[in-house]
Amino acid sequence: MAVNPRAKADSKILFALTLVHFTGDFYTSFVTPLLPVYVETFSLSLAQAGMITGFSRLLAFIVQPPVGYFADRYRTRAFVLGGPLLAVVFIPLSGIVPSYPLLLACVCLGSVGSAMFHPSTAGMVATYAGRHLGLSMSLFNMGGTAAFGLGPLFITLFVGAFGAGSMPLTMGLGLVLLLVLVKTVPPPLGEGFTGMGFFGSLREVLGDVWKPILLIMVVMMLRAAVGQSFLTFIPLMCAEKGFSLAEIGAVVSIFTIIGAISGVIAGHRADRTGYTRIFLIAHGLSTPSLILLLFLPGKWIYLGSALSGFFLMATLPLGVAMAQELAPKGRSMVSSLMMGFALGMGGTMTIITGRLADMFSMRAVLLVLAFIPLCSMLLIAMFPRPSSYAHS
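Okay, here's the thing in structure tokens:
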């Protein structure tokens, strides 16, 4: 890959893009810790609980690749700012809906909004990152992951104090942030594929690197399947053990906040040592950490949550950065494949996980899933060597 012509990172724009990421994901993060509330309110089975997160991830899979395609074609901020707006409006409405179908509709519309801004903003990070793509992508990712860390803690404390019926009041914070972002976020540059159709653009973007891109995408999909399943059902396991809603929010927050920190550390190290080594270490240590999360007693679950988040979430930004280096002609497109297709397909595993948990038990199913990161090291060992693409 040719080195980005910008020698220095544009910190102002990178901060604005990170704030977009934070705003959209902050509201999307409300759903997981409130699953015990939804289950109690609507008397849901574990399969129905899994469908809430599974359908939202499926929509991310459907929405992100087309959005990535249009983002590479047109200079528009509609996806960058319109996406977070949907999340800000519809996720809080989930607290006042009277039925399970309407709950699904609100969560899904909010998830569509979240899916809309990810390809465009991730593609723009590469444009303004200068020579530090891995670190810049990790910092951008930290905005979203930190939102998934702070959001659960915020919403569980809020709902615990004021009730789920007061959730629409939380729209105010997001609307204020979006007003600030309207003045600071530039339009995407686009990649100049206006004369090509979707599949023509895809061929132009991937070219001869489609095999390594596919390999990275499979690993990202497996990681997402494990992460989304644990984030969906660990709160329900905690509720069964008698944890309060605030304590459940803390478990989810610790997982994702520590994951955000590990993503930055991993991005910094990857710029120096390469991606494959970081992937191998993180995935190899994810399995024992997830097992600890399942079996540590009482308050020790917080330690298990921290270790699991640190290792399982570390490689989230690296897959995107690696794909962008391999296919620099369509950064938004490949970002959508990693953040949309891979995470979306992996996230739909929660539907199957929920059905299996109804048949067996949550702990038994999650224990099997915990070994997936360890097995995925065989695929990681096949990642392209650094000589096959240029480091930024």
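My numbering numbers the first residue of the sequence shown as 5 and each following residue consecutively.
C-beta: ideal position from N, C-alpha, C; glycine also.
Can the beta-carbon of residue 4 be found less than 7 Å from the beta-carbon of residue 221?
Because the chain is modelled from 5 through 396, residue 4 falls outside the range shown and cannot be assessed.
If we ignore side chains and look at the alpha-carbon of each, how far apart do residue 80 and residue 192 end up?
6 Å
Go to residue 45, then tell me how far its alpha helix (DSSP H) extends in each direction, as first and last residue.
39-46
Comparing C-alpha positions only, which one of 40, 85 and 58 sits nearest to residue 24?
85
Sequence-distant residues of the same chain with beta carbon closer than 7 Å to residue 37, five excluded per side:
156, 159, 160, 239, 252, 253 and 256
Residue ranges of each alpha helix (DSSP H) within the segment 61-149, 4 or longer
82-97 and 104-132
Quick test of your reading: residue 288 and residue 378, contact by CB under 8 Å. State the CB separation rounded to the nearest angstrom.
6 Å
How big is the Cα-Cα spacing for residue 32 and residue 126?
17 Å
Secondary structure at residue 189, three-state DSSP: helix, strand or coil?
coil
Within 10 Å of its beta-carbon, does residue 15 have 16 or more other beta-carbons around it, so buried, or fewer, so exposed?
exposed
With distances taken Cα to Cα, identify the nearest neighbour of residue 183 among 355, 266, 153 and 27.
27
Report, in whole angstroms, the separation of the C-beta atoms of residue 90 and residue 113, which I expect to be a contact under 8 Å.
6 Å
For residue 176, tell me which candidate among 280, 83 and 96 has the shortest Cα-Cα distance.
96
Quick check: what's the CA-CA separation for residue 12 versus residue 134?
5 Å
Of all the alpha helix (DSSP H) runs that stay within the bounds of the segment 270-349, which reach a length of 4 or more residues?
279-299, 305-316, 320-330 and 335-340
Give me, in chain order, the residues of the same chain whose beta-carbon lies closer than 6 Å to that of residue 319; leave out the 5 immediate sequence neighbours on both sides.
283 and 286
DSSP three-state call for residue 359: helix, strand or coil?
helix
I think residue 57 touches residue 236, with their Cβ atoms under 8 Å apart; what is that distance to the nearest whole Å?
5 Å
Residue 370 versus residue 259: straight-line alpha-carbon distance, rounded
16 Å
Have a look at residue 296 and residue 307 and give me their C-alpha separation to the nearest angstrom.
9 Å
Among residues of its own chain, excluding the 5 on either side of residue 181, which ones have a beta-carbon nearer than 6 Å to its beta-carbon?
27
Span separating the alpha-carbon of residue 212 from that of residue 45:
51 Å
Counting C-beta neighbours from all protein chains within 10 Å, is the total for residue 248 16 or more, i.e. buried, or is it exposed?
exposed
Only counting the same chain, and skipping five residues up and downstream in sequence, which positions put a Cβ closer than 7 Å to that of residue 153?
257, 260, 261 and 264
Distance check for residue 382 and residue 292, CA to CA, integer angstroms please.
17 Å
Give me the Cα-Cα distance between residue 187 and residue 50, rounded to the nearest whole angstrom.
43 Å
Cutoff 8 Å; reference residue 172; Cβ partners in own chain excluding five residues on either side:
96, 97, 99 and 100
Cβ of residue 228 within 7 Å of Cβ of residue 148?
no
Please classify residue 385: does DSSP put it in a helix, a strand, or coil?
coil
Taking the beta carbon of residue 386 as the centre, do at least 16 other beta carbons fall within 10 Å, making it buried, or is it exposed?
exposed
Out of 233, 266, 70 and 303, point me to the one whose CA is closest to residue 294's CA.
233
Using only the alpha-carbon positions, how far apart do residue 165 and residue 40 sit?
16 Å
Chain-order list of residues whose beta-carbon lies under 6 Å from that of residue 104 (same chain, five-residue window excluded)
46
Residue 369: first and last residue of the uninterrupted alpha helix (DSSP H) it sits in:
366-373
Who are the Cβ neighbours of residue 353 in its own chain at under 7 Å, not counting the five residues just before and after it?
229, 232 and 233
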